[in-house]
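Numbering (my numbering), first residue to last: 109 to 480. Where a beta carbon is used, it is the ideal one built from N, C-alpha and C, also for glycine. Bear in mind that the values here come from a model prediction, so they are computed numbers and not experimental data. What follows is a set of notes on a single structure, which appears directly below.
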């Protein structure tokens, strides 16, 4: 089967890492011909090239949407494409138009998350783009794939997708976990988090939790992996608290796997999430997680078994669970082993690849799209 993926590729965040893991798994199966259209040169394009996945960048900083569609059509018109798999809004529109032009049998879109909530007034153009995305998904796509059951529920509550096919496929990561490392009682425990430094991740709460923990114990260091527009503001806040030595901003690291090896506890403070790969990666490395009960996170963590779920956004509740793990290393290690087992049993990349492969087979011939 000839499958075309369409994605932006501008970042190396959760969605891009999921796309890479899926394509790498499909490539290993050697059952499909894969081609990826990207709209930005970046890490995803380079990594796909390294594993032999054919990909083309149609730079969105140079080409308008019609230009992207036109160049993609010229690239694909003789390739006998059977399925198009798009990721995110603009890509959905490009994929939908290409499906019409090429007569592709099946169109699929993975919904990695919903737009971030904002208190600012939304202008006319963003609303129009959102409505266009809804129209395209509702009328041209065979199937939407939500990365969590909670996201599926939210999509159905929007009321725009009545009668649409919505499947759920959880994100997956490599289940070849590292051994849980031993630390002496003199060594500082490492509590880490990862993500883009943006409002929805609520790193201010992370800093508040860190400050609360550090008031109680001194053998802990907090680490933030990632970059983003809020870095300067967050760094200044940590400086004002006098905690620059114990709350460290590590910026972007391509070897994120090594970061999860180096920490002992993973702390997530997001306002909302789809199904965060960062939590899956940490658990795959045997790290217990403290996280809010939002989005798809409760579908990953069993409270009290492989981590702790916090219902409120009270920094004291987050800090209390972190301190419980810091002061009880036997509990921390036991939860870490349970976390590894959870990933191996339910959230491996192999399971994700298998699930998408089954969907591809179902939808490539069930819902043909005719050229009009």
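Endpoints, the alpha helix (DSSP H) within which residue i is located
| i | result |
| --- | --- |
| residue 295 | Here residue 295 belongs to no alpha helix (DSSP H), and DSSP marks it neither H nor E. |
| residue 215 | Counting along the chain, residue 215 falls outside any alpha helix (DSSP H), though it belongs to the beta strand (DSSP E) covering 214-219. |
| residue 322 | 311-324 |
| residue 368 | 364-370 |
| residue 257 | 257-266 |
| residue 346 | 339-348 |
| residue 156 | 151-158 |
Three-state secondary structure assigned by DSSP to residue i
| i | result |
| --- | --- |
| residue 391 | helix |
| residue 251 | strand |
| residue 121 | coil |
| residue 444 | helix |
| residue 171 | coil |
| residue 479 | Because residue 479 sits at a pLDDT of 41, beneath the cut-off of 50, its placement in the model cannot be relied upon, and the point is left open. |
| residue 423 | helix |
| residue 401 | coil |
| residue 471 | helix |
| residue 451 | helix |
| residue 378 | coil |
| residue 334 | strand |
| residue 383 | coil |
| residue 282 | coil |
| residue 373 | strand |
| residue 189 | coil |
Delimiting residues of the beta strand (DSSP E) encompassing residue i
| i | result |
| --- | --- |
| residue 164 | 162-165 |
| residue 276 | 274-276 |
| residue 358 | 355-359 |
| residue 222 | Here residue 222 belongs to no beta strand (DSSP E), and DSSP marks it neither H nor E. |
Residues bridged to residue i [DSSP beta-bridge criterion]
| i | result |
| --- | --- |
| residue 436 | According to DSSP, residue 436 bridges with nothing at all. |
| residue 194 | 114, 217 |
| residue 138 | According to DSSP, residue 138 bridges with nothing at all. |
| residue 302 | 333 |
| residue 456 | 281 |
| residue 415 | 397, 411 |
| residue 145 | 114, 164 |
Expected contact under 8 Å - CB spacing of residue i and residue j to nearest Å
| i | j | result |
| --- | --- | --- |
| residue 423 | residue 316 | 4 Å |
At least 3 beta-carbon pairs within less than 8 Å: the stretch 368-376 vs the stretch 398-409: yes
Inter-stretch contact at 8 Å, needing at least 3 Cβ pairs: the stretch 376-393 / the stretch 211-225: yes
The stretch 187-195 touching the stretch 205-214, judged by at least three CB pairs closer than 8 Å: yes
The stretch 267-277 contacting the stretch 293-302, beta-carbon criterion three pairs below 8 Å: no
At least 3 beta-carbon pairs within less than 8 Å: the stretch 140-149 vs the stretch 116-131: yes
Cβ contact check for the stretch 330-337 and the stretch 301-311: 3 or more pairs under 8 Å: With a cut-off of 8 Å, the stretch 301-311 and the stretch 330-337 count as touching, because enough Cβ pairs lie within range.
At least 3 beta-carbon pairs within less than 8 Å: the stretch 253-260 vs the stretch 230-237: no
Validate contact between the stretch 452-469 and the stretch 427-443 using beta carbons, cut 8 Å, 3 pairs: no
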